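Only one structure is covered here, and it is reproduced in the block below.
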Amino acid sequence: EAGVAQSPRYKIIEKRQSVAFWCNPISGHATLYWYQQILGQGPKLLIQFQNNGVVDDSQLPKDRFSAERLKGVDSTLKIQPAKLEDSAVYLCASSWGAISYEQYFGPGTRLTVT
Amino acid sequence: ELKVEQNPLFLSMQEGKNYTIYCNYSTTSDRLYWYRQDPGKSLESLFVLLSNGAVKQEGRLMASLDTKARLSTLHITAAVHDLSATYFCAVDNNEANQGGKLIFGQGTELSVKP
Numbered sequence: 001e002a003g004v005a006q007s008p009r010y011k012i013i014e015k016r017q018s019v020a021f022w023c024n025p026i027s028g029h030a031t032l033y034w035y036q037q038i039l040g041q042g043p044k045l046l047i048q049f050q051n052n053g054v055v056d057d058s059q060l061p062k063d064r065f066s067a068e069r070l071k072g073v074d075s076t077l078k079i080q081p082a083k084l085e086d087s088a089v090y091l092c093a094s095s096w097g098a099i100s101y102e103q104y105f106g107p108g109t110r111l112t113v114t
Numbered sequence: 001e002l003k004v005e006q007n008p009l010f011l012s013m014q015e016g017k018n019y020t021i022y023c024n025y026s027t028t029s030d031r032l033y034w035y036r037q038d039p040g041k042s043l044e045s046l047f048v049l050l051s052n053g054a055v056k057q058e059g060r061l062m063a064s065l066d067t068k069a070r071l072s073t074l075h076i077t078a079a080v081h082d083l084s085a086t087y088f089c090a091v092d093n094n095e096a097n098q099g100g101k102l103i104f105g106q107g108t109e110l111s112v113k114p
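Protein chains in written order, with our numbering: chain A, 1 to 114; chain B, 1 to 114.
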């Protein structure tokens, strides 16, 4: 079974530029998550999708971050404009459902904002 | 607001020794997960604990959950160098409509030395 795919793996941008990350979840997984992991910390949930609807985006900085999951499969996360404090690893995860289902994580995208 | 605290945050062990990592959380939840993260890598699921008193073992690792004490432990038996990694516990938020929202601890960085 193929795992969660993410691209790119690494990205370096200057502050105020924009960037987009892509995630392809495990086939058949209805729930998709985006996490932000700052160096030395645990991941923090940014947004949760159930199929193509948003379940929770309470911790997404909506003035600069946006995410979509078209057709309930792939998802993109965008940052515009980026700030220095956005430097982190962005992890995508997916699960069969939401409650009591194990989340499987992708390899992550390491973003450096200079 | 659910808070998850791990201790210790750093653990240096000798091979062959036993030790326990503790994960405390602040509000009711009966779903807890343990993950392993190697440097520069994504999160690998170790254990899913879904009920009070749950105990799971895999190799030299054993995890348990006490929902009344709001405590999970990850016990390491006869540590080997290959166990060196950062270990995270994560608790399901458990609030209505927020199933699947994991709150992560800070992580425990484990180093096993010969």
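C-beta atoms are modelled at their ideal positions from N, C-alpha and C, and glycine is treated no differently. Every value quoted in this text rests on a predicted model; they were computed, and no experiment measured them.
Check your understanding: With distances taken from CA atoms, which of B/Lys17, B/Thr27 and B/Val48 is nearest B/Arg36?
Key -> By one-based count along the second sequence, residue 36 of chain B stands at place 36. Per the Cα distances, B/Val48.
Practice item. Could you give the DSSP three-state label for B/Leu46: helix, strand or coil? Key: One-based indexing of the second sequence puts residue 46 of chain B at position 46. In this structure, B/Leu46 counts as strand in the three-state DSSP scheme.
Review point. Between A/Pro43 and the rest of its own chain, which residues show a CB-CB distance below 6 Å, the 5 nearest in sequence each way excluded?
Key: Stepping through the first sequence from its first residue, residue 43 of chain A is reached at position 43. Within its own chain, the residues whose Cβ lies closer than 6 Å to the Cβ of A/Pro43, once the five positions on either side in sequence are excluded, are Tyr35, Gln37 and Leu91, listed in chain order.
**Study point:** CB contact below 8 Å: A/Asp57 versus chain B
**Key:** Translated into positions along the first sequence, residue 57 of chain A becomes position 57. No, its Cβ sits nowhere closer than 8 Å to a Cβ of chain B.
**Study point:** Run of the beta strand (DSSP E) containing A/Gly53, from where it starts to where it stops
**Key:** The count along the first sequence starts at 1 and reaches residue 53 of chain A at position 53. Run containing A/Gly53: Gly53 to Asp56, per the beta strand (DSSP E) assignment.
Exercise for review: List the residues that DSSP assigns as beta-bridge partners of A/His29.
Suggested key: Locating residue 29 of chain A in the first sequence gives position 29, where the first residue counts as 1. Note: A/His29 sits in no beta bridge, so no partner.
Check your understanding: Taking Cβ-Cβ distances shorter than 8 Å, what residues in chain B pair up with A/Glu102?
Key -> What you label residue 102 of chain A is simply residue 102 of the first sequence in a count that begins at 1. Chain B residues near A/Glu102: Tyr33, Ser45 and Val48.
Practice item. Determine the chain A residues that contact B/Lys101 at a beta-carbon separation under 7 Å, and present them in chain order. Key: Position 101 of the second sequence, counting from 1, holds the residue named residue 101 of chain B. Listed by position along chain A, the residues whose Cβ is nearer than 7 Å to that of B/Lys101 are Leu45, Gln48 and Asp56.
Exercise for review: Mind checking which residues open and close the beta strand (DSSP E) that includes B/Asp92?
Suggested key: To locate residue 92 of chain B, count along the second sequence from 1; it is residue 92. Where B/Asp92 is concerned, the enclosing beta strand (DSSP E) stretches over Ala85 to Asp92.
Check your understanding: Are the beta-carbon atoms belonging to B/Arg31 and B/Leu50 less than 8 Å from one another?
Key -> Locating residue 31 of chain B in the second sequence gives position 31, where the first residue counts as 1. Locating residue 50 of chain B in the second sequence gives position 50, where the first residue counts as 1. Against a cut-off of 8 Å, the Cβ pair of B/Leu50 and B/Arg31 comes out as a contact.
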